[in-house]
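Trainee: First the structure, which I've put down as structure tokens, then a few questions once you've had a look.
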Amino acid sequence: MFSDLVARNSRRSRRENGLFFASLLVSIVSFYMLLSLSGQDVMRFLQKMESGAVTRLLALIPVMYVWTLAILFFLIYFAERFQLERRRHEFGVYRVLGMKKKDLFRMLMAEDLRTSGLALLIGLPLALLLAELVSLLTVRLTGIGILGHQISFSLPAVLFTAVGFLGIKLLASLILSGKIVREEIGSLLSEVPEGTKKQLPGPVYALSLVVGIVLLAVAYYFAISGEAWMYISTMALVLASGTAGTVLLFFGLRFFIDKLARASYKKNQLQVFNFRQVEETVIHRSGTLAICSLLILAALCCFGAGLGIIAERKAETHALDYTFDIYGETSEETKQMLEETRTKLKKGGLDSLFADLFVVRTGYVRTTEDWDNAVRMEKLQEALGQQPDSDDKKIVQNRLEYANFPYLIAQDGYNHVLRNAGLPELSLGSKEVAVYMDPEYASPGVVALLEKLLPENRELTIDGISYLFTDQVQTVSMVTDRSLTLSFALILPDEAFDFFTKGREDLYMSGVLSEEAKEGKSLMQAIMETNEKLDALGLSYESYLQNMGRELFFTVAASYLTIYLAIIFLVVANTIIGVQFLMTQQKAQRRYRTLVSLGAGYETLCRAAGNQINWFFGLPIAVAAISSVFGLRSLFSGILSSSLTGRISEMMWIGGAVVALLVVVELIYMLAVKRASNRYLLGLMAPKREE
Amino acid sequence: MNTILTIESLKKTYGKAPSQTTALDGVSFKVEEGEFLGIMGSSGSGKSTLLNCIATVISPDSGRIILRDSCITDMKGNELAGYRGNEIGYLFQNFELIDNLTGRENILLPLALHEVSDSESEERLEKLAEYLEVADILDQFPSQMSGGEKQRIAAARALVMNPEIVLADEPTGALDSKNAKALLEKLTGLNAEEKTTILMVTHDPAAASYCSRILFIQDGALVHELRRDVPAESRKAFYERILQVVAQMGGGSSHVL
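Right under this line is the structure:
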């Protein structure tokens, strides 16, 4: 009998409150997604390349796990409280019929266990499937090809997911069931109207509204002016004033909604009623709404930042697969090493793996001791000085200040790089030089500024000999190693290079894998196989993959975690708003019944509830959306390199994606809540027998 | 006089055989326009079922309810919603004001629901508020009003649509005698001056004495009818007659066996 009751109650809970059950599933999935991170293809790949960094990241996971536990506990506690609140009367009846406190508690816990078990049964396979999908998707997105895709299933992850989920669920149930059981039967049976909250005079709310808006404006200003990132203290100030602003705004919002309600007497249908319902929630739950709004803001910022990090990665041209370390104390030694490397490759039969194996030569001006004046380009510097002030101008000025003793690059080697990148080669005249800037430093703005000035200010001297700049700035990385970067260098014709460097040169031997080596394999696979062969020969080298790995690591780690957090924040905030609405609706049961008796039809009530839902979700979302415009701008300028902030189209794309995510998630939630609300209202339409 | 409401052999049973309860057992009567009709009966007599049937809150098993020329027992969904609060005004024992709306908002609610034009509703509101003496409390919330004030606001809400008939279910049940008297006097006044038809269910003889006619219901059937001889008969004399009938019914043959 008892177990029948438990089974029936648990089934009814799931049916009546899909939102609650869905939030349980989301918890399970998010735990597993986090815990199975190490099993993802990308992470396995990275572990080979950047094991140190990955280990550090994976060490962070327990911290994230605990953090997620805390947030999801909040979610489950809230959803479950709603679940139990609506059954108060039923519990009262059980108790009146003689059920002991102990038995009621036991029944609630048993129901809970049953629901949790079922959630795990459905949630875990769902999580496994999703983790697989994400694993495949990240591999596809990062372009590393499929390296023997492995199922990301991880038993410890499953165990910790189950333990964590059951832990927070049980804790929430213990607290809530304990509360219910301790209550008097009378209070369980009676309807509990929302306690009337002490009302403050109108001006207090108006003042709170104004102060809130001012604080938000201050936070917005500091956020986009960039001052937020200067010191920790200013950042703390921005966050504090933004948070306080949001809380005060919601507290004062009732002033505005009261005005709206009073202004809408003359409107049709239930508009006044709707505004009053919304107002009541704003009064009673302004804190919760503010927190939800901040959570949504955090979600939007995290999501935007995650996408920004991904977008930033795509900027560079891939030209080279390998660069070998050739470094000797003297030029002779270096040349000798180059020969040795070539011989080793040939002996090992590996030279056939490379379609192109070439040397990029770099060096300094060695024909003069006067390093401060080795290279002079006054005309360019002057022209730059006359440009209107901008960030790009500052960057270029900074580069040119150190350009009096720049790196020189020989044209022939660099042309190999260009050819491999599929770009037109340079053909410098005997008195021409080209400017080279590493992609890291060459933001579109900087390049555009230089290319605007160069055609008019070509003149420069190298050790007193006149040369002319070409129009274009070269920005294709000349080695695979991205830790080796040149902020400003000159590409010279080979003869001029030989002349100025006097044979003292650094060599970078780079290679591109041949079609044979890559045949039937992904680039990732081909490089990994080649790495093994090169390792066997005892050669030291940098591969595209290692560098990509390094970069990929930061991209994947940062974007994975930020997007993960974004989704959790969004789910938590929306579930709370949804549950909050349904709870308020249930407490207003009497009001709805009165409306029915006054002639409100089912459709009218559904429309009214729909409007309220729009407001309920709309308020916190609107505030979050406005804040996110400033938040995202600030984040982009603070954490992303300047090369991205210049790319308007990318930014638009990210902004669009953030909006799309928000719209999709909100629509799903609002639809779910509207359905639940309609179902509830239909129940109210049935007549209540009074005799 | 025109007949405004016709009830024809209304039947309603609750539950399934063999534990069936007959709440209404073929009740038939007519309500004339401008009448103040009372329905009296003890608890369980079927008076609330009767009122709920007329209020379209529950549907009878058989029989018909005809308001003017339309049979409301045949109506469904939106048609019924249009009829509630519009053709029929309700006054409840516990007021049923919506507690987060001001007095004004509560009164205007039926107008908004039935999409009545602004100027018309404002005018009606002013008039009712003045008559029912609630003009000063229109912008207060129910929690700031006394019981009497609440019920007068509720009365204004029931009357604001100018309904064909007002159904009052123990409207004085939650009021003290002073407030009850004030409310009933207002209702009587409206009935006399505006020719508002009122159907009031009550078990309180004092409240019933304000009516012009009283139907007594027992075990789901009408058992007696009293008519007040207006204006010859005083309210006090009518009250005495009501008490007599109540006493007879309470101690009647059906209870002696």
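These protein sequence lines map, in sequence, to chains A and B.
The first sequence begins at 1 in this note's numbering and counts up by one.
The second sequence begins at 1001 in this note's numbering and counts up by one.
Ideal Cβ positions, reconstructed from N, Cα and C, are used throughout, including at glycine.
(1) Residues of chain A with CB under 8 Å from B:His1114, in chain order?
(2) Note down the Cα distance separating A:Ile654 from A:Phe636, rounded to an integer number of angstroms.
(3) Examine the ligand SAH and report whether any of its heavy atoms sits within less than 7 Å of the Cβ of A:Val210.
(4) Could you give the distance in angstroms between the alpha-carbon of A:Tyr592 and the alpha-carbon of A:His284?
(5) Given a threshold of 16 other Cβ atoms within 10 Å of its Cβ, counted over all protein chains shown, does A:Ile146 qualify as buried or as exposed?
(6) Whose Cβ in chain A lies nearer than 8 Å to the Cβ of B:Glu1096?
(7) Starting from the C-beta of A:Val417, find all residues in its chain whose C-beta is less than 6 Å away, skip the five residues before and the five after it, and write them out in chain order.
(8) Among A:Leu450, A:Ser427 and A:Glu425, which one has its Cα closest to the Cα of A:Lys394?
(9) Note down, in chain order, each residue of its chain lying with its Cβ closer than 6 Å to the Cβ of B:Met1161, except the 5 sequence neighbours on either side.
(10) Restricting to Cα atoms, I'd like to know which of A:Phe358, A:Thr530 and A:Thr368 is closest to A:Gly464.
(11) Going by DSSP in three states, A:Ser466 sits in which element: helix, strand or coil?
(12) Tell me whether B:Cys1053 is buried or exposed, calling it buried when 16 or more other Cβ atoms sit within 10 Å of its Cβ.
(13) Do you know how far the Cα of A:Val272 is from the Cα of A:Ala608?
(14) Please report the residue range of the alpha helix (DSSP H) in which A:Gln336 lies.
(15) So is B:Arg1262 in contact with chain A if we call contact Cβ pairs under 8 Å?
(16) Compute the beta-carbon to beta-carbon distance between A:Leu513 and A:Ile527, rounded to the nearest angstrom, for a pair I have assumed lies under 8 Å.
(17) What residues of chain A sit near B:Gly1082, judged by a beta carbon separation below 9 Å?
(18) Within a Cβ cutoff of 6 Å, which residues of the same chain sit near A:Gly39, ignoring the five residues on either side of it in sequence?
(19) Report the neighbours of B:Asn1086 on chain A: residues whose CB is nearer than 7 Å to its CB, in chain order.
(20) Would the beta-carbon of B:Phe1095 fall within 8 Å of that of B:Asn1191?
(21) Have a look at A:Arg361 and A:Asp321 and give me their C-alpha separation to the nearest angstrom.
(22) Quick check on the DSSP output: the beta strand (DSSP E) that includes B:Gln1218 runs from which residue to which?
(23) Is there contact between the region 349 to 360 of chain A and the region 530 to 544 of chain A, where contact requires at least three CB pairs shorter than 8 Å?
(24) Put B:Thr1197 into one of helix, strand or coil per three-state DSSP.
(25) Taking 8 Å as the cut-off, does the region 107 to 117 of chain A touch the region 9 to 22 of chain A (at least 3 CB pairs, one atom from each stretch)?
(26) Going by other Cβ atoms of all chains shown within 10 Å of its Cβ, with 16 needed for buried, is B:Arg1104 buried or exposed?
(27) Rounded to the nearest angstrom, what separates B:Val1223 and B:Ser1059 at their Cα positions?
(28) Here's a check: name, in chain order, each residue in its chain whose Cβ is nearer than 8 Å to the Cβ of A:Arg746, leaving out the five neighbours to either side.
(29) Since A:Met377 and A:Leu460 should fall inside the 8 Å C-beta cutoff, what is the C-beta to C-beta distance between them, to a whole number of angstroms?
(30) So if I threshold CB-CB distances at 8 Å, which residues from the region 1104 to 1128 of chain B count as touching chain A?
(31) Please say whether B:Gln1093 and B:Gly1173 have beta carbons closer to each other than 8 Å?
(32) Can you tell me the Cβ-Cβ gap for B:Gly1034 and B:Lys1195, rounded? I've got them flagged as a contact below 8 Å.
(33) Does the beta-carbon distance from B:Ala1221 to B:Asp1025 come in below 8 Å?
(34) Counting only runs of 4+ residues fully inside the region 197 to 283 of chain A, write out the alpha helix (DSSP H) ranges in chain order.
(35) Between which two residues does the alpha helix (DSSP H) harbouring A:Asp325 extend?
(36) Anything in chain B within Cβ reach of A:Thr604, meaning under 8 Å, just list it in chain order.
Mentor: Taking the definition as stated:
(1) Sequence index remark: in the second sequence, residue 1114 of chain B carries index 114 (1-based). Against chain A, the beta carbon of B:His1114 has neighbours under 8 Å at Gly599, listed in chain order.
(2) Position 654 of the first sequence, counted from the start, is the residue given in the question as residue 654 of chain A. Position 636 of the first sequence, counted from the start, is the residue given in the question as residue 636 of chain A. So the alpha carbons of these two residues sit roughly 11 Å apart.
(3) Looking for the ligand SAH in the displayed structure turns up nothing, as the structure carries no ligands at all.
(4) Translated into positions along the first sequence, residue 592 of chain A becomes position 592. Translated into positions along the first sequence, residue 284 of chain A becomes position 284. Cα-Cα distance, rounded: 19 Å.
(5) To locate residue 146 of chain A, count along the first sequence from 1; it is residue 146. At A:Ile146 the pLDDT is 47, less than 50, meaning the model places this residue with poor confidence and gives no usable figure here.
(6) Taking the second sequence and counting its residues from 1, one reaches residue 1096 of chain B at position 96. Here the neighbours are Arg590, Arg593, Thr594 and Ser597.
(7) The residue given as residue 417 of chain A occupies position 417 in the first sequence. Excluding positions up to five away in sequence, the list reads Ala319, Val476 and Met478.
(8) Numbered from 1 along the first sequence, position 394 holds the residue referred to as residue 394 of chain A. Residue A:Leu450 holds the alpha-carbon nearest to the alpha-carbon of A:Lys394 among A:Leu450, A:Ser427 and A:Glu425.
(9) By 1-based counting over the second sequence, the position of residue 1161 of chain B is 161. Setting aside the 5 residues that flank it on each side, B:Met1161 is surrounded in the same chain by Asn1086 and Pro1110, each with a C-beta closer than 6 Å to its C-beta; the list follows chain order.
(10) Taking the first sequence and counting its residues from 1, the one referred to as residue 464 of chain A is at position 464. For A:Gly464, the nearest C-alpha among the options comes from A:Thr368.
(11) In the first sequence, residue 466 of chain A corresponds to position 466, counting from 1. Shown here, A:Ser466 sits in a strand according to DSSP, grouped into three states.
(12) The residue given as residue 1053 of chain B occupies position 53 in the second sequence. Buried, because 16 or more other Cβ atoms sit within 10 Å of the Cβ of B:Cys1053.
(13) Within the first sequence, residue 608 of chain A is the residue found at index 608, counting from 1. Within the first sequence, residue 272 of chain A is the residue found at index 272, counting from 1. One C-alpha to the other measures close to 10 Å.
(14) To locate residue 336 of chain A, count along the first sequence from 1; it is residue 336. Taken as a continuous stretch (DSSP letters only), the alpha helix (DSSP H) holding A:Gln336 covers Ser331 to Lys347.
(15) What the structure shows of chain B is the stretch from 1001 to 1257, and residue 1262 of chain B is not part of that stretch, so it cannot be assessed.
(16) Along the first sequence, read from residue 1 onward, the residue named residue 513 of chain A stands at position 513. Along the first sequence, read from residue 1 onward, the residue named residue 527 of chain A stands at position 527. Between the beta-carbon of A:Leu513 and that of A:Ile527 there is about 7 Å, and that keeps the pair under the 8 Å contact cut.
(17) The sequence position of residue 1082 of chain B within the second sequence is 82, counting from 1. Close to B:Gly1082, with beta-carbon spacing below 9 Å, are these residues of chain A in chain order: Gly599 and Gly601.
(18) The residue given as residue 39 of chain A occupies position 39 in the first sequence. Excluding the 5 residues flanking it on each side, A:Gly39 has same chain C-beta neighbours closer than 6 Å at Ser152 and Ser154, in chain order.
(19) For the purposes of this step, residue 1086 of chain B is taken as residue 86 along the second sequence, with counting starting at 1. Within chain A, the residues near B:Asn1086 are Gly599.
(20) In the second sequence, counting from the first residue as 1, residue 1095 of chain B sits at position 95. In the second sequence, counting from the first residue as 1, residue 1191 of chain B sits at position 191. For the 8 Å CB-CB criterion, B:Phe1095 and B:Asn1191 do not form a contact.
(21) As a working note, residue 361 of chain A is residue 361 in the first sequence. As a working note, residue 321 of chain A is residue 321 in the first sequence. So the two alpha carbons sit approximately 18 Å from each other.
(22) Within the second sequence, the letter at position 218 stands for residue 1218 of chain B. Residues Arg1213 to Gln1218.
(23) They touch, by the three-pair rule.
(24) The residue you call residue 1197 of chain B lines up with position 197 of the second sequence. B:Thr1197: strand per DSSP, three-state reduction.
(25) The region 9 to 22 of chain A vs the region 107 to 117 of chain A: in contact.
(26) The sequence position of residue 1104 of chain B within the second sequence is 104, counting from 1. B:Arg1104 counts as buried, since at least 16 other C-beta atoms from the protein chains shown sit within 10 angstroms of its C-beta.
(27) Indexing the second sequence from 1 puts residue 1223 of chain B at position 223. Indexing the second sequence from 1 puts residue 1059 of chain B at position 59. CA-CA distance, B:Val1223 to B:Ser1059, rounds to 23 Å.
(28) Given that chain A is displayed from residue 1 to residue 691, the structure contains no residue 746 of chain A and the question cannot be resolved.
(29) Locating residue 377 of chain A in the first sequence gives position 377, where the first residue counts as 1. Locating residue 460 of chain A in the first sequence gives position 460, where the first residue counts as 1. A:Met377 to A:Leu460, Cβ: 4 Å. Contact.
(30) Listed by position along the chain: Arg1104, Glu1105, Leu1108, Leu1109, Pro1110, Ala1112, Leu1113, His1114, Glu1115 and Asp1118.
(31) Here residue 1173 of chain B refers to the residue found at position 173 when the second sequence is read from its first residue. Here residue 1093 of chain B refers to the residue found at position 93 when the second sequence is read from its first residue. Contact: yes.
(32) Working through the second sequence from its first residue, we reach residue 1034 of chain B at position 34. Working through the second sequence from its first residue, we reach residue 1195 of chain B at position 195. About 4 Å separates the two Cβ atoms, so the contact holds.
(33) Position 221 of the second sequence, counted from the start, is the residue given in the question as residue 1221 of chain B. Position 25 of the second sequence, counted from the start, is the residue given in the question as residue 1025 of chain B. At the C-beta level, B:Ala1221 and B:Asp1025 come within 8 Å of one another.
(34) If we require 4 residues or more, the alpha helix (DSSP H) runs fully inside the region 197 to 283 of chain A come out as 202 to 225 and 232 to 263.
(35) Sequence index remark: in the first sequence, residue 325 of chain A carries index 325 (1-based). Premise fails: A:Asp325 lies in the beta strand (DSSP E), Tyr322 to Ile326, not in any alpha helix (DSSP H).
(36) For the purposes of this step, residue 604 of chain A is taken as residue 604 along the first sequence, with counting starting at 1. Within chain B, Ala1081 and Leu1113 have C-beta atoms less than 8 Å from the C-beta of A:Thr604, given in sequence order.
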